[in-house]
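One structure is given here, and the rest of the page talks about it.
Residue numbers (my numbering): 2 to 254.
Put into structure tokens, the structure is as follows:
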């Protein structure tokens with residue numbers, strides 16, 4: 002049975018309602034300090050404790066892209082060899098400026114270094130100029146597909162790269178064009194239809210052991226009330242489509 006988990010760091014999901022027709026778990030982190038972008042050790046431990054009961058099959062909404070590092074915690078709980086299907090406009094393999102901290106830009110590097118069950122990574126929709134930044138030491142494990150390549154990509158090209166039967170899906174909505182979702186990072190050019198179709202094929206053909214979604218509109222972005230309401234509206238719609246897909250494919254049964 003899949004769990005829908007709403008991780009509340011900044012109140013953004015209180016502006017949306019996509020989850021309210023389903024059973025869900027609400028995990029409140031609004032009082033937790035040192036978590037925005039970079040995460041301090043004690044806070045990471047508190048997050049880990051809170052999400053541990055949902056270590057199995059889950060659909061977790063993490064907030065805006067600054068909290069994407071939580072994907073690392075979910076990956077660390079997987080006990081069998083698996084592949085990661087990573088939709089993102091950024092590689093998330095940067096070396097952290099502060100080695101003792103995990104960040105939204107370094108979590109995948111940490112996972113590649115520290116999680117032996119993570120065997121292969123397929124990153125789809127990465128910004129064209131970032132693909133070259135993948136370090137040679139990771140290139141045996143990670144296949145990075147730029148947004149330019151991904152425009153004409155089919156599932157038949159992705160599936161052979163996911164060599165394990167178990168697959169974890171991590172979606173940062175900044176991979177999607179701004180007309181269809183609004184995030185707090187620079188965004189790509191892919192359509193939500195393409196991303197959802199890839200997720201559907203993966204759910205149909207692989208044993209998906211977990212899914213996380215981030216890329217909400219951050220409340221501190223300084224937009225007008227009209228801009229904020231528009232962002233909440235279209236992001237809510239995208240999140241709803243993800244939940245409906247997971248339900249239709251039997252992932253949440």
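By construction, the Cβ of each residue, glycine as well, lies at the ideal position given by its N, Cα and C atoms.
Top-ranked residue by Cα proximity to residue i, from the options
i, options, result
"residue 128", "108, 119, 111, 93", "93"
"residue 30", "9, 254, 49", "9"
"residue 171", "131, 109, 164", "109"
"residue 115", "146, 76, 39", "76"
"residue 244", "147, 212, 219", "212"
"residue 66", "131, 139, 207, 177", "177"
"residue 149", "70, 165, 132, 39", "132"
"residue 87", "136, 34, 197, 231", "197"
"residue 192", "207, 206, 173, 208", "173"
"residue 145", "6, 157, 122, 158", "122"
"residue 169", "194, 118, 189", "118"
"residue 139", "130, 189, 206, 96", "96"
"residue 179", "217, 39, 6", "217"
"residue 175", "163, 189, 164", "189"
"residue 152", "199, 15, 232", "199"
Any non-hydrogen atom of the ligand MG closer than 8 Å to residue i Cβ
i, result
"residue 35", "With respect to the ligand MG, the structure offers nothing, as it holds no ligand at all."
Exposure of residue i, with buried meaning 16 or more beta-carbon neighbours within 10 Å
i, result
"residue 186", "buried"
"residue 23", "exposed"
"residue 134", "exposed"
"residue 307", "Nothing can be reported for residue 307, as the shown portion of the chain is limited to 2 through 254."
"residue 210", "buried"
"residue 155", "exposed"
"residue 184", "buried"
"residue 18", "exposed"
"residue 21", "exposed"
"residue 60", "buried"
"residue 91", "buried"
"residue 80", "exposed"
"residue 164", "exposed"
"residue 253", "buried"
"residue 225", "exposed"
Where the alpha helix (DSSP H) through residue i begins and ends
i, result
"residue 29", "Not the alpha helix (DSSP H): residue 29 falls in the beta strand (DSSP E), residues 26 to 29."
"residue 8", "Taken as a continuous stretch (DSSP letters only), residue 8 belongs to no alpha helix (DSSP H), being part of the beta strand (DSSP E) at 4 to 9."
"residue 42", "42 to 52"
"residue 226", "226 to 249"
"residue 219", "Looking at the DSSP string, residue 219 is not in any alpha helix (DSSP H), and its letter there is neither H nor E."
"residue 1", "The structure shown does not extend to residue 1, since the chain is modelled only from 2 through 254, so no value can be given for it."
Where the beta strand (DSSP E) through residue i begins and ends
i, result
"residue 211", "208 to 215"
"residue 64", "59 to 64"
"residue 84", "83 to 88"
Residue i vs residue j beta-carbon contact at 9 Å
i, j, result
"residue 46", "residue 215", "no"
"residue 125", "residue 167", "no"
"residue 204", "residue 239", "no"
"residue 85", "residue 48", "no"
"residue 161", "residue 120", "no"
"residue 35", "residue 220", "no"
"residue 55", "residue 26", "yes"
"residue 1", "residue 105", "Outside the shown range of the chain (2 to 254) lies residue 1, about which nothing can therefore be said."
"residue 4", "residue 58", "yes"
"residue 113", "residue 40", "no"
Short CB-CB distance (under 9 Å) between residue i and chain B
i, result
"residue 32", "Among the protein chains of the structure shown there is no chain B, as only one such chain exists."
Hey, which unbroken runs of the beta strand (DSSP E) at 3 residues or more fall wholly within the stretch 96 to 175? Correct list: 119 to 127, 143 to 147, 167 to 173.
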